[in-house]
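A.B. asks: In order, the protein sequences belong to chains A and B.
FYI, in the numbering used here the residues of the first sequence are 850 to 1015.
FYI, in the numbering used here the residues of the second sequence are 158 to 269.
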Amino acid sequence: MTDAGRGVVASPDTKAINRMTISLLSQPVNLGLARVAVAAFFSQLDIMVSELEEIKVAVSEAVSNAILHGYLREPDRWITVTAAIYPGWLEIVVEDRGEGFCEADPPPPGSDGHEDGFGMGFALMRSFMDEVVLVSAPGQGTRVVMRKKIRGASMATPENPVAGNC
Amino acid sequence: MMMQMEDKGCSLVARLTGEMDLQVADHLRSALDSAMGEKGTRYLVLDLSGVSFIDSSGLGVILGRYRRLAQSGGRVSLVGLSPPVKNVLELSGLLRIMREYSSAGEALAGLE
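1) Looking only at DSSP bridge pairs, what is E948 of chain A linked to?
2) Only counting the same chain, and skipping five residues up and downstream in sequence, which positions put a Cβ closer than 7 Å to that of L238 of chain B?
3) Over what stretch of residues does the beta strand (DSSP E) that includes K998 of chain A continue unbroken?
4) Does the stretch 871 to 879 of chain A come close enough to the stretch 918 to 927 of chain A that 3 or more CB-CB pairs lie under 8 Å?
5) So does the stretch 223 to 239 of chain B actually touch the stretch 983 to 992 of chain A, counting three or more Cβ pairs closer than 8 Å?
6) Hey, does E123 of chain B have any beta-carbon neighbour from chain A nearer than 8 Å?
7) Let me make sure I understand the geometry here. Which of B:P240, B:L185, B:L220, B:P241 has the alpha-carbon closest to that of V233 of chain B?
8) Which residues does DSSP list as the beta-bridge partners of L921 of chain A?
9) I need the DSSP call for D979 of chain A, collapsed to helix, strand or coil.
10) Threshold first: 3 residues or longer. Then list the beta strand (DSSP E) segments lying entirely within the stretch 159 to 232 of chain B, N to C.
11) Once the 5 residues before and after A188 of chain B are set aside, which same chain residues still bring their CB inside 7 Å of it?
12) For the alpha helix (DSSP H) containing N867 of chain A, name the first residue and the last one.
13) Taking a cut of 9 Å between CB atoms, which residues from the stretch 185 to 218 of chain B lie near chain A?
14) Out of A:I896, A:F890, A:E902, point me to the one whose CA is closest to P241 of chain B's CA.
15) For G970 of chain A, which option in B:K165, B:L248, B:S229, B:Y200 has the closest C-alpha, if you only look at C-alpha atoms?
16) Taking Cβ positions only, does P877 of chain A come closer than 8 Å to chain B?
17) Indicate the three-state DSSP secondary structure (helix, strand or coil) for A911 of chain A in the structure shown.
18) Residue range of the alpha helix (DSSP H) that A264 of chain B falls in?
19) Determine the contact status of V170 of chain B and M177 of chain B, defining contact as a CB-CB distance below 8 Å.
20) Taking 8 Å as the CB-CB cut-off, is L248 of chain B touching chain A?
21) May I ask you to report which of helix, strand or coil DSSP gives S892 of chain A?
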C-alpha cells in the first residue's frame, strides 16, 4: 500500500519491530493517558521532542473524534489505541465500534459536535502525520490509521544512547 | 485545568494552566463566557504560559471566544505560547487573527 503523497510504503507483510495496544473507556479524562502512552512508547526511537508533541496532538484528535463522533459522548464504550514501530515509519491506529460514517460522504469541517465546531482536528492530524487513512461505514465503527516516516528507524540502545527525550 | 482571572475594566486577563483538550473545553468555555458576560469584557487576554498542550478542542474554545468578542469590535490577545502550543496555533491560522505578546502587561498596553 503506497500513499502517493508523502510515500509511506506499507506492505501487509511488513513486521512491526515493536507494538503496544491500550484500551480506554470513551471518557475525555482518558485523553491524557492516550497521549502520554503513545509518546512514551515512541520515545525509544531517535525522535525529536517536537515530533513527539505533534504525535500527541494527532492521538488526541483521533481519540477525541472517537469519543465525540464515534460514541456521541457515551462514557462507557471502548476505544483502542495501538502504536507500532516499523522499519522506517511509525504507525498509530485508533479504533472505535461506534457510529461510523459513510467514507464517500465524510462529515464536513465544522460539524465537530463541539459548540465551537471549527473542524480543525483532521487538518492537524494531516499536518502532523505523513499519512492518515480513515476506514469507516455507518454503524460499523471507525478506524484511523496514521503513519509517520522516521529517519533510519534507529533506536536508542545502551551502545547507542540518544539524548533524553523525557 | 486551572484558570485565574483578573478583571481590568474592559479587559479580562485569564491565566490558564494545564492541557487544553476535550476534557476541559466545556468547562473552560462556560467559565470564560460567564466571566466575560458578567464583566462586559471587550478584550480578552489569554495567558497560556502554564498551558503544556493544546489540540483542536482547545483551539475551538479560543476561536469561539474570539468570534463572540469580534462581533462587538473586541479582541483576543495571546501571551506565553510555549513552542508546541505556538506550533498548533500557527498551523491553525489563529495567529493570523490574534496577536501574540510576550506578557499580559504588553498585551493590555497594546489594546489601548
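The beta carbon of each residue, even a glycine, is placed where N, CA and C say it ideally should be.
C.D. replies: Considering the structure as presented:
1) In the DSSP secondary-structure assignment, E948 of chain A is not bridged to any residue.
2) Once the five neighbours on either side are set aside, the close Cβ partners of L238 of chain B are L205, L246, E257.
3) Following the DSSP letters along the chain, one finds K998 of chain A inside the beta strand (DSSP E) bounded by residues 991 to 998.
4) Yes, the stretch 918 to 927 of chain A touches the stretch 871 to 879 of chain A.
5) The stretch 223 to 239 of chain B makes no contact with the stretch 983 to 992 of chain A, as fewer than three CB pairs between them are under 8 Å.
6) With chain B covering only 158 through 269, there is no way to say anything about residue 123 of chain B.
7) The residue with the shortest Cα to Cα distance from V233 of chain B is B:L220.
8) Paired residue(s): none; L921 of chain A is not in a bridge.
9) Of the three classes helix, strand and coil, the one that applies to D979 of chain A here is coil, per DSSP.
10) The beta strand (DSSP E) runs lying completely inside the stretch 159 to 232 of chain B and spanning 3 residues or more are 159 to 165, 168 to 177, 200 to 211, given in chain order.
11) If we look at A188 of chain B and ignore the five residues flanking it on each side, its Cβ neighbours are M160.
12) Counting along the chain, N867 of chain A sits inside no alpha helix (DSSP H); it lies in the beta strand (DSSP E) bounded by residues 867 to 874.
13) The stretch 185 to 218 of chain B vs chain A, Cβ under 9 Å: R186, F210, I211, D212, S213, S214, L216, G217, V218.
14) Checking every option, the nearest Cα to that of P241 of chain B belongs to A:E902.
15) Out of B:K165, B:L248, B:S229, B:Y200, B:L248 has the C-alpha closest to the C-alpha of G970 of chain A.
16) Using a Cβ-Cβ cut-off of 8 Å, P877 of chain A counts as an interface residue toward chain B, since at least one Cβ of chain B sits closer than that to its own.
17) A911 of chain A falls in the helix class under three-state DSSP.
18) Under the DSSP assignment, A264 of chain B falls in the alpha helix (DSSP H) whose first and last residues are 261 to 268.
19) Going by C-beta atoms, V170 of chain B is not nearer than 8 Å to M177 of chain B.
20) It does: the Cβ of L248 of chain B has a partner Cβ on chain A nearer than 8 Å.
21) Note: S892 of chain A maps to coil in three-state DSSP.
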